[in-house]
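Counted the way the numbering used here counts, the sequence shown spans residues 105 to 393. Every residue, glycine too, gets a C-beta built ideally from N, C-alpha and C.
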Amino acid sequence: MGDQIIQSILDGLVSGSIYGLMAIGFTLVFGIMHVINLAHGELYMLGAFTTFIMVGVYQINFFVAILAAMLIVGGLGFLIERYIFRPLRNTAMLNTLLASIGLSIFISNLVLKIAGTGMRSIPTPFSDKSFTIIGATISTHRLMVLLLTALLVAVLFWVIKFTKFGRSLRATSQDQDASALMGVNINLTYGLVFAISAGMAAMAGGLIGSLYVVDPTMGLGPGLKAFIIVILGGMGSVVGAIVGAFVMGYAETFTSLFWAASYQDLVGYILLILVLLLKPNGLFGGAKR
């Protein structure tokens, strides 16, 4: 049982790191733009398909394909903000919520129409070699996923904390009008925030697609989980999104270990209900980035 617990800790670390990519992008858009983007899961799915096409069809290097998928889907995110969410900026939040639902339905059905219902797998350059750590085993593939995720999150934190753009993000999240008076380009800032969010979702999709399979409906579950994680951590809190992601990852992993794998998707909703009852603003609700 000891080895199984250590293995679950390792598996939860990998799951939590990928959930973190999804949740950080989701919470950035809400915290800065005050938009609940329910099409986030479809951007994740587009990232997986973009990676698959580049690697599986055109034999492009896996790492180059992941980076390209981030840029392509990030660029799409920039356009989505410009032409869908920007015209709705000063309207009720319900309008942007409904727009994101419509966008989600449109993207998923478009990909389903073009690609069909079949499942694909993304070829990777990783060998079958595994490493043993205190009795637990992790494959080269999963280790690389963990390292890539950690690198991207570290870079994002550095950008938010130490760059001029990061200061613009923090200022805009606090007071849009005052930031505009101080010279911050609000339109560009919002566009880049949505692009970053979409790019992170695309990377998560490419990594998950390389571990499992790629299909047009793969974004629904992760999109809902990202929403749950953001509520758990506190809407708009980047730190809360990371903590919530690992809480979700470990809750699912240990549910699978001690109960049954078929119940691991249920645990997120149980956590959501408990947090809403005990701490309605989330674990880090109101925390400043």
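Residue burial is scored here from C-beta neighbours: residue 327 has at least 16 other C-beta atoms within 10 angstroms and is therefore classed as buried. Where residue 240 is concerned, there is no enclosing alpha helix (DSSP H), although the beta strand (DSSP E) around it starts and stops at 240-243.
A distance below 7 Å separates the beta carbons of residue 344 and residue 388.
Residue 246 carries a helical assignment under DSSP once its states are collapsed to helix, strand and coil.
Close CB contacts of residue 204 within its chain, under the 6 Å cut and outside five residues either way in sequence, are with 141, 142, 143 (chain order). Within its own chain, the residues whose Cβ lies closer than 6 Å to the Cβ of residue 359, once the five positions on either side in sequence are excluded, are 367, 368, 371, listed in chain order.
Here residue 114 has 240, 242 as same chain residues with Cβ atoms under 6 Å from its own Cβ, once five neighbours each way along the sequence are excluded. Setting aside the 5 residues that flank it on each side, residue 376 is surrounded in the same chain by 332, 335, 336, each with a C-beta closer than 7 Å to its C-beta; the list follows chain order.
For the pair of segments examined, the region 273-290 was found not to touch the region 156-176: the number of CB pairs separated by less than 8 Å stays below three. Pairing residue 341 with residue 177, the inter-Cα distance amounts to about 23 Å. Nearest Cα to residue 227 within the set 294, 119, 161, 173: 161. Annotation: residue 275 to residue 268 spans about 11 Å, alpha carbon to alpha carbon. Within the same chain, and ignoring the five residues on either side of residue 238 in sequence, the residues whose Cβ sits closer than 6 Å to its Cβ are 110. Check the Cα spacing between residue 184 and each of 294, 350, 353, 319: the tightest is with 294. Taking all protein chains in view, the Cβ of residue 218 is surrounded by fewer than 16 other Cβ atoms within 10 Å, so the residue is classified as exposed. Taking the Cα positions, residue 317 is about 5 Å away from residue 225. According to the DSSP assignment, residue 234 belongs to the beta strand (DSSP E) that extends over 234-237.
Taken through DSSP and simplified to helix, strand or coil, residue 318 comes out as strand.
Where residue 199 is concerned, the enclosing alpha helix (DSSP H) starts and stops at 197-219. In the structure shown, residue 186 falls within a helical segment according to DSSP collapsed to helix, strand and coil.
Look at residue 224 here: in three-state DSSP terms it is strand. In the structure shown, the three-state DSSP call for residue 264 is helix.
The Cβ atoms of residue 135 and residue 301 do not sit closer than 7 Å to each other.
Bounds of any alpha helix (DSSP H) do not take in residue 279, whose DSSP letter is neither H nor E.
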